[in-house]
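K.L.:
Mind having a look at this structure? Questions to follow.
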Amino acid sequence: MFALCDCNNFYASCERLFRPDLERRPVAVLSNNDGCVIARSSEVKALGVPMGAPYFREEGRFRHFGVEVFSSNYPLYEDLSRRVTDSLRSLVPDVEVYSIDEAFLYMDTLPEAAADPSEFCRRVRERVLHWTGIPVSIGLGETKTLAKAANRIAKKDPSREGIFTMPHGEEADRYLEGIDIGDVWGVGFRNAPKLRRLGVRTARALKHADGEWIRRRFTICEARTSRELNGLVCFPFTEAPGPRKTIRVSRSFGDPVTELLSLREAISYFAFSAAETLRGEGSAAGKIHLFLMTSPFGSAPRYANAATARFDVPTSCTTDIVGQALKCLERIFVEGYPYKKAGVALTDLADGAHLQGHLFREIKKPWEGSLMKAVDHLNMEFGRGTVYTASMGIRDRRSWVMRRGHVSPRYTTCWEDLPSVLPPEGAQLP
Amino acid sequence: MNSRSTTGFPSPADPFREDPLDINSLLVRNRASTFLMRSAGEIPGWSIEEGDILVVDRSCVAREGDLAVIARDGELALREVASTRIPVWGVVRGVVRVLRRG
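These protein sequence lines are chains W and R, in that order.
Everything in the first sequence is counted per my numbering, starting at 1 for the first residue and increasing by one.
Everything in the second sequence is counted per my numbering, starting at 1001 for the first residue and increasing by one.
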């Protein structure tokens, strides 16, 4: 038996933790740069605001209904996510963290969990709420796909009180009937329309589709999902995530950027930060990709392009990575467009410890490794952005930085931002 | 100097080695549920001053006589626990005050 534990409206719940005044009030959280709505409290969902709605379209309605709006505060969400995981681990030995707000729990290792999974999950749910203040919903099923489907029901149907167990066999059909094919875990958004066209519109239909037919018309992924809906485990419990295949850093700009110089600064910053992550994971990149785009909204002229470069030898050195990123930029930059978003991705990641040499290039400059170590150390010790490449521009003069007009304090990760607590009633305030 | 750095003789103290004291182990019983807050004022009877850091544990079960954090008029506030029926945000386990800066 698998359980999927999913934090309810996670970012909105995080924003509420130190703000009792926000209880039962509508709370919305915006994406990086205040672009779109990425988390909605149940009150905001009830207003009919869709996930991903552009903020500029909702601003008027938000003001009218007194919605509390927050820019995303990832240091806070990350910290609370870790606390939720730790609370889960205190009760369940096998926890597979799936995303910042979801984790699979494997129910069969603990006898008491295996005996009555649903009752056990009630305890798990209570503990997470008690310890961290974050409400969660838990779905149970014979496979991860069924647990995920059960979680939707746990969340949507208030009478379930946050827990739902998908029944076995044919009994599951009436619940799977209510789940749209596009909402089934593992069905790619590209294949959902195609499945629908061929008459497979719900989770139930995919469950009963002919396996051979699915394999022929779709991918092995859809075929596995179909088997999982039948209670056959195709995606087993995996505690350790596989090594990352891509490191991506991208942002929308606060104001559109038109000048090459500002773009060079932004791209250098993205490449710098990707290289830092790369070294943190002890790997090296074989390729770098860069993309650039104008806003998909509005009437301004549109342009989007991408470029790729390969490193002779996989590298984790910031100067190599920033250098290649800037060369890619020269190739695709076209003057005269208001650029809204850009990003860098490092791929073909290899373990930095056993790198293959290149026949025609001298083996790495021997000082490179220690230079990077020193840079990472300084940035760790004295804060991010202490040492950076000159191409990133002067810190306070960057015109392309994120817009984060509504960001809450970093309550749990910054001494200056600790939540304040009032004295008891009757005591004197200073 | 510990056994891992000696090249000559192993230290006779090795079998008696204990971990040095860590202030966290005194104040933080449960990392997942412990949050730090700052006192906005003086708390008479508790030797707590404005600006002191409070170590608040949500996993503690409040007992009578505890100092607890509660939600009061939409804000976080302190209150001495008189009845365990009132819901609390967390229990104050300790106070930290840094006397010398830098």
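The C-beta atom is built at its ideal place from N, Cα and C for all residues, glycine as well.
Bear in mind that the values here come from a model prediction, so they are computed numbers and not experimental data.
Got a sec? Which residues, its chain only, sit under 6 Å from R:P1012 by beta carbon, not counting five neighbours each side?
P.N.:
Within the second sequence, numbered from 1, the residue matching residue 1012 of chain R stands at position 12. Taken in chain order, the list of residues that qualify is empty.
K.L.:
At least one CB of chain W closer than 9 Å to the CB of R:V1069: is that the case?
P.N.:
The residue given as residue 1069 of chain R occupies position 69 in the second sequence. So, interface residue.
K.L.:
So which residues of chain B does R:R1079 contact, with C-beta pairs closer than 9 Å?
P.N.:
Of the protein chains in this structure, namely W and R, none is chain B.
K.L.:
Would a C-beta distance cut-off of 9 Å place R:V1091 and R:V1069 closer than the cut-off?
P.N.:
Walking along the second sequence from the start, residue 1091 of chain R turns up at place 91. Walking along the second sequence from the start, residue 1069 of chain R turns up at place 69. Going by C-beta atoms, R:V1091 is nearer than 9 Å to R:V1069.
K.L.:
Short of 7 Å Cβ to Cβ, which residues in the stretch 121-154 of chain W face chain R?
P.N.:
Hits within the stretch, in order: H130, W131, T132, G133.
K.L.:
Taking C-alpha atoms, which residue in W:T145, W:R63, W:T85, W:G343 lies nearest to W:A304?
P.N.:
Residue numbering aside, residue 304 of chain W sits at position 304 when the first sequence is read from its first letter. Per the Cα distances, W:G343.
K.L.:
Taking only beta-carbon atoms, is W:P26 less than 9 Å away from chain R?
P.N.:
To locate residue 26 of chain W, count along the first sequence from 1; it is residue 26. With 9 Å as the cut-off, W:P26 does not count as an interface residue toward chain R.
K.L.:
Exposed or buried, what is W:R361 when buried is set at 16 or more other beta-carbons lying within 10 Å of its beta-carbon?
P.N.:
The residue given as residue 361 of chain W occupies position 361 in the first sequence. For W:R361, the predicted model reports a pLDDT of 49, less than 50, meaning its position is unreliable; a value from the coordinates is still stated below. Counting Cβ neighbours within 10 Å, W:R361 comes out exposed, since fewer than 16 surround it.
K.L.:
Could you name the residues of chain W that R:E1075 contacts, counting a contact when the two beta carbons are closer than 8 Å?
P.N.:
One-based indexing of the second sequence puts residue 1075 of chain R at position 75. Going along chain W in sequence order, the residues near R:E1075 (Cβ under 8 Å) are P20, D21, L422.
K.L.:
Using a Cβ cut-off of 8 Å, which residues of the stretch 1025-1036 of chain R contact any Cβ in chain W, in chain order?
P.N.:
For the stretch 1025-1036 of chain R, which is checked against every Cβ of chain W, the residues closer than 8 Å are N1030, R1031, A1032, S1033, F1035, L1036.
K.L.:
Put R:S1003 into one of helix, strand or coil per three-state DSSP.
P.N.:
Position 3 of the second sequence, counted from the first residue, corresponds to residue 1003 of chain R. With a pLDDT of only 47 at R:S1003, under the threshold of 50, the placement of this residue in the model should not be trusted; the figure read from the coordinates follows. If DSSP states are grouped into helix, strand and coil, R:S1003 belongs with coil.
K.L.:
First and last residue of the alpha helix (DSSP H) that includes W:F270?
P.N.:
Stepping through the first sequence from its first residue, residue 270 of chain W is reached at position 270. Looking at the DSSP string, the run of the alpha helix (DSSP H) that includes W:F270 is 260-280.
K.L.:
At 9 Å on the CB atoms, spell out the chain R contacts of W:T412, in chain order.
P.N.:
Taking the first residue of the first sequence as 1, we reach residue 412 of chain W at position 412. Going along chain R in sequence order, the residues near W:T412 (Cβ under 9 Å) are F1035, L1036.
K.L.:
Going by DSSP, what residues sit across from W:L346 in a beta bridge?
P.N.:
Working through the first sequence from its first residue, we reach residue 346 of chain W at position 346. According to DSSP, W:L346 bridges with W:I247, W:I288.
K.L.:
Does W:A271 pass the burial test, meaning 16 or more other C-beta atoms within 10 Å, or should it be called exposed?
P.N.:
By one-based count along the first sequence, residue 271 of chain W stands at place 271. The residue is buried, with at least 16 neighbouring Cβ atoms inside 10 Å.
K.L.:
Measure the beta-carbon distance from W:A113 to W:V128 and round it to whole angstroms, keeping in mind my assumption that it falls under 8 Å.
P.N.:
For this step, residue 113 of chain W is matched to residue 113 along the first sequence. For this step, residue 128 of chain W is matched to residue 128 along the first sequence. The Cβ separation is near 15 Å, so there is no contact.
K.L.:
Since W:V27 contacts W:A12 with CB under 8 Å, what's their CB separation in whole angstroms?
P.N.:
One-based indexing of the first sequence puts residue 27 of chain W at position 27. One-based indexing of the first sequence puts residue 12 of chain W at position 12. W:V27 to W:A12, Cβ: 4 Å. Contact.
K.L.:
Closer than 9 Å, CB to CB, is W:R310 near chain R or not?
P.N.:
Position 310 of the first sequence, counted from the first residue, corresponds to residue 310 of chain W. Chain R contact via Cβ: absent.
K.L.:
DSSP on W:F164, reduced to helix/strand/coil?
P.N.:
Looking up residue 164 of chain W in the first sequence gives position 164. Strand at W:F164.
K.L.:
What residues from chain W crowd round R:L1054, counting only those whose CB sits closer than 7 Å?
P.N.:
The sequence position of residue 1054 of chain R within the second sequence is 54, counting from 1. Correct list: V421.
K.L.:
Under 8 Å Cβ-Cβ, which residues of chain R neighbour W:D86?
P.N.:
The residue labelled residue 86 of chain W in the question sits at position 86 within the first sequence. Within chain R, the residues near W:D86 are R1031, A1032.
K.L.:
Measuring straight from C-alpha to C-alpha, what distance separates W:P296 and W:L146?
P.N.:
Translated into positions along the first sequence, residue 296 of chain W becomes position 296. Translated into positions along the first sequence, residue 146 of chain W becomes position 146. C-alpha separation (whole angstroms): 36 Å.
K.L.:
With 9 Å set as the bound, which would you pick, yes or no: does the beta-carbon of W:S431 sit closer than that to a beta-carbon of chain R?
P.N.:
No answer is possible for residue 431 of chain W: it lies beyond the span of chain W, which begins at 1 and ends at 430.
K.L.:
In this structure, does DSSP put W:C7 in helix, strand or coil?
P.N.:
Here residue 7 of chain W refers to the residue found at position 7 when the first sequence is read from its first residue. Strand, per DSSP.
K.L.:
From what residue to what residue does the alpha helix (DSSP H) around W:I321 run?
P.N.:
Here residue 321 of chain W is taken as the residue at index 321 of the first sequence, counted from 1. Here the alpha helix (DSSP H) through W:I321 covers 318-332.
K.L.:
Does the count of Cβ pairs from the stretch 62-79 of chain W and the stretch 7-26 of chain W closer than 8 Å reach three?
P.N.:
As far as the Cβ criterion goes, the stretch 62-79 of chain W touches the stretch 7-26 of chain W, which means the pair count is three or higher.
K.L.:
Does the beta carbon of R:S1059 sit closer than 9 Å to a beta carbon anywhere in chain W?
P.N.:
Within the second sequence, residue 1059 of chain R is the residue found at index 59, counting from 1. Yes, its Cβ sits closer than 9 Å to a Cβ of chain W.
K.L.:
Am I right that W:P424 and R:I1043 are in contact with their C-beta atoms under 8 Å? What's the rounded C-beta distance?
P.N.:
Sequence index remark: in the first sequence, residue 424 of chain W carries index 424 (1-based). Sequence index remark: in the second sequence, residue 1043 of chain R carries index 43 (1-based). Rounded, the Cβ-Cβ distance is 7 Å, consistent with contact.
K.L.:
Curious, which full-length alpha helix (DSSP H) runs of at least 4 residues does the stretch 75-115 of chain W contain?
P.N.:
List check, alpha helix (DSSP H) in window: 111-115.
K.L.:
Terminal residues of the continuous beta strand (DSSP E) containing W:L30?
P.N.:
As a first step, residue 30 of chain W is located in the first sequence; it is residue number 30 there, counting from the start. Start and end: 27-30.
K.L.:
In the DSSP assignment, what residue or residues form a beta bridge with W:K341?
P.N.:
In the first sequence, residue 341 of chain W corresponds to position 341, counting from 1. Per DSSP, W:S252, W:M293.
K.L.:
I believe W:M1 touches W:E142 by the beta-carbon criterion, under 8 Å. Please report the beta-carbon distance rounded to the nearest angstrom.
P.N.:
To locate residue 1 of chain W, count along the first sequence from 1; it is residue 1. To locate residue 142 of chain W, count along the first sequence from 1; it is residue 142. Going by Cβ atoms, the distance from W:M1 to W:E142 rounds to 6 Å, so yes, they are a contact pair.
K.L.:
With a threshold of 8 Å on Cβ separation, who are the neighbours of W:P117 within its own chain once the five nearest residues in sequence on each side are excluded?
P.N.:
Along the first sequence, read from residue 1 onward, the residue named residue 117 of chain W stands at position 117. M1, A3, M107, L140, T165.
K.L.:
Taking a cut of 7 Å between CB atoms, which residues from the stretch 170-196 of chain W lie near chain R?
P.N.:
Under the 7 Å Cβ criterion, the stretch 170-196 of chain W contributes no residue.
K.L.:
With distance defined between alpha-carbon atoms, name the residue in W:I163, W:V313, W:L195 nearest to W:D6.
P.N.:
By 1-based counting over the first sequence, the position of residue 6 of chain W is 6. The shortest C-alpha separation from W:D6 is found at W:I163.
K.L.:
When you compare the stretch 33-50 of chain W with the stretch 374-385 of chain W, are there three or more beta-carbon pairs, one atom per stretch, that lie closer than 8 Å?
P.N.:
Flag = no, the stretch 33-50 of chain W and the stretch 374-385 of chain W do not touch.
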